[in-house]
Amino acid sequence: MAPLIKHLYTADPSAHVFDGKVYIYPSHDRETDIQFNDNGDQYDMADYHVFSTSGPLDDPDAADVRDHGVVLRAEDVPWVSKQLWAPDAAAKDGKYYLYFPARDKQGVFRIGVAVGDSPAGPFAPDPEPIRGSFSIDPAVFVDDDAAQSAYMYFGGLWGGQLQCYQGGNDVFDASWQGPKEPSGPGRRALGAKVARMSADMRQFDGSVQELLILAPETGEPIAADDHDRRFFEAAWMHKYRGRYYFSYSTGDTHYLCYATADAPTGPFTYGGRILEPVLGWTTHHSIVEYGGRWWLFHHDCELSKGVDHLRSVKVREIFYDAEGRITTVKPE
Ligand code: FUB
Numbered sequence: 001m002a003p004l005i006k007h008l009y010t011a012d013p014s015a016h017v018f019d020g021k022v023y024i025y026p027s028h029d030r031e032t033d034i035q036f037n038d039n040g041d042q043y044d045m046a047d048y049h050v051f052s053t054s055g056p057l058d059d060p061d062a063a064d065v066r067d068h069g070v071v072l073r074a075e076d077v078p079w080v081s082k083q084l085w086a087p088d089a090a091a092k093d094g095k096y097y098l099y100f101p102a103r104d105k106q107g108v109f110r111i112g113v114a115v116g117d118s119p120a121g122p123f124a125p126d127p128e129p130i131r132g133s134f135s136i137d138p139a140v141f142v143d144d145d146a147a148q149s150a151y152m153y154f155g156g157l158w159g160g161q162l163q164c165y166q167g168g169n170d171v172f173d174a175s176w177q178g179p180k181e182p183s184g185p186g187r188r189a190l191g192a193k194v195a196r197m198s199a200d201m202r203q204f205d206g207s208v209q210e211l212l213i214l215a216p217e218t219g220e221p222i223a224a225d226d227h228d229r230r231f232f233e234a235a236w237m238h239k240y241r242g243r244y245y246f247s248y249s250t251g252d253t254h255y256l257c258y259a260t261a262d263a264p265t266g267p268f269t270y271g272g273r274i275l276e277p278v279l280g281w282t283t284h285h286s287i288v289e290y291g292g293r294w295w296l297f298h299h300d301c302e303l304s305k306g307v308d309h310l311r312s313v314k315v316r317e318i319f320y321d322a323e324g325r326i327t328t329v330k331p332e
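Residue 158 in the UniProt record's numbering is what sits at position 158 of the sequence shown, and the numbering runs on without skipping anything.
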């Protein structure tokens with residue numbers, strides 16, 4: 001399957017349908033001479049582009065993908081030092097919100113928001129990160145209830161620093177920085193984080209909670225050493241037939257997996273794999289309904305011939321069985 005975007009390297013695609021079109025909010029990968037390491041220092045992105053398409057999504061070469069250009073730069077955000085990682089976007093009451101993780105001036109990942117009047121940007125950043133935000137990979141889900149309740153799911157291990165907050169959401173323990181995470185018999189995996197968004201979509205409303213993923217065979221939280229199933233990064237939320245599907249990457253085992261729940265904050269039960277490992281270390285995605293079909297946006301490193309930090313966005317259709325299980329697919 002050919003990449004959807006070929007003139008730039010793009011990754012971590014968050015896709016949404018706004019105004020009847022698919023808008024894609026990816027990371028913008030760039031060449032760097034930074035040495036590859038397991039802290040992800042080589043992912044040194046400096047701006048975001050937005051893309052849109054009306055399809056056909058099952059024929060990437062024919063999909064007329066429009067590049068709306070640069071919509072936000074690291075240098076435009078007063079609190080950012082470097083590394084604009086995986087973004088997401090949301091719409092509410094005629095405004096569009098771009099959420100993005102980046103390192104602050106102390107080297108700690110925070111999550112920022114920038115606001116625009118069009119899904120294609122540009123976006124004006126708030127001068128400070130979202131209060132109480134930390135780590136990486138925000139995914140903002142707006143529910144279909146009357147209040148349009150919105151939630152941010154976030155977090156990422158190793159370079160994403162999630163493991164630095166084991167003493168509390170407001171306590172950064174620098175000794176856990178780097179490719180580290182809890183392990184050992186009886187230890188449960190660290191969960192992703194979830195917070196309800198304020199009505200204006202620019203702050204958290206209430207405290208940040210841990211998202212529980214339970215193993216279906218025991219009803220207990222997934223174990224820390226269960227690297228085939230534990231949350232690593234790349235949170236995404238979608239709703240299918242009234243159920244909440246939380247999907248994520250398992251990082252060092254390179255799977256995209258999902259878990260389901262009756263409520264947006266869980267508890268979730270592990271459901272299975274969505275995508276087997278692609279070429280490249282990272283795997284990151286979004287799932288969206290468009291034209292009455294369900295689509296998986298993700299990335300791989302085929303275009304760069306396997307350079308881990310030079311990735312390309314792809315899209316493919318996914319399917320659910322009668323019980324709502326997502327059918328696992330292999331890379332194409
Ligand atoms: O693109 C930088 C980081 O790589 C993302 O934030 C992670 O999800 C992984 O894809």
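We put the beta carbon where it would ideally sit given N, CA and C, even for glycine.
Are the segment 253-261 and the segment 224-234 in contact at 8 Å, needing three or more beta carbon pairs? yes
If I'm right that Val-278 touches Trp-295 with Cβ under 8 Å, what's the distance once you round it to whole angstroms?
Numbered from its first residue, the sequence shown carries residue 278 at position 278. Numbered from its first residue, the sequence shown carries residue 295 at position 295. Contact doesn't hold; Cβ gap of about 16 Å is too wide.
Minimum Cβ-Cβ distance from Lys-180 to chain B less than 9 Å:
In the structure shown, chain B does not exist; there is a single protein chain.
Beta-carbon within less than 6 Å of Ser-133's beta-carbon, same chain only, minus the 5 sequence neighbours each way: which residues are those? Along the sequence shown, one-based indexing puts residue 133 at 133. Answer for Ser-133: Arg-110 and Ile-111, listed in chain order.
Practice item. Using only the heavy atoms of the ligand FUB, determine whether one of them is closer than 8 Å to the beta carbon of Pro-101. Key: By one-based count along the sequence shown, residue 101 stands at place 101. Yes, the ligand FUB has a heavy atom inside 8 Å of this Cβ.
Helix or strand or just coil, what does DSSP make of Ser-286? Taking the first residue of the sequence shown as position 1, residue 286 is located at position 286. DSSP places Ser-286 in strand when its eight states are reduced to three.
Item to complete: Ignoring anything shorter than 4 residues or poking outside the segment 216-259, list the alpha helix (DSSP H) runs there in chain order.
Response: none
Note to self: Tell me which residues share the same chain as Thr-32 and place their Cβ nearer than 8 Å to its Cβ, disregarding the 5 neighbours each side in the sequence.
What the structure shows: If you number the sequence shown from 1, residue 32 lands on position 32. Hits under 8 Å: Gln-42, Asp-44 and His-309.
CA nearest to the CA of Lys-193, picked from Leu-211, Lys-6 and Glu-233: The residue you call residue 193 lines up with position 193 of the sequence shown. Lys-193 has its Cα closest to that of Leu-211, out of Leu-211, Lys-6 and Glu-233.
Between Ile-222 and the rest of its own chain, which residues show a CB-CB distance below 6 Å, the 5 nearest in sequence each way excluded?
-> Translated into the one-based positions of the sequence shown, residue 222 becomes position 222. Closer than 6 Å at Cβ, skipping near neighbours: Ala-189, Ile-213, Ala-215, Arg-229 and Arg-230.
**Prompt:** Closer than 8 Å: is that where the CB of Trp-176 sits relative to any heavy atom of the ligand FUB?
**Reply:** The count along the sequence shown starts at 1 and reaches residue 176 at position 176. Checking every heavy atom of the ligand FUB against the Cβ of Trp-176, none is found closer than 8 Å.
task = Mind checking which residues open and close the beta strand (DSSP E) that includes Asp-67?
result = Walking along the sequence shown from the start, residue 67 turns up at place 67. Residues 66-73.
If you draw a straight line from the alpha carbon of Gly-242 to that of Phe-51, how long is it in whole angstroms? Translated into positions along the sequence shown, residue 242 becomes position 242. Translated into positions along the sequence shown, residue 51 becomes position 51. Between Gly-242 and Phe-51, the C-alpha separation is close to 29 Å.
DSSP beta-bridge partners of Val-113:
Within the sequence shown, numbered from 1, the residue matching residue 113 stands at position 113. Val-113 is bridged to Tyr-99.
Q. Is the beta carbon of Gly-266 sitting closer than 9 Å to the one on Tyr-244?
A. Along the sequence shown, one-based indexing puts residue 266 at 266. Along the sequence shown, one-based indexing puts residue 244 at 244. Taking 9 Å as the Cβ cut-off, Gly-266 and Tyr-244 qualify as a contacting pair.
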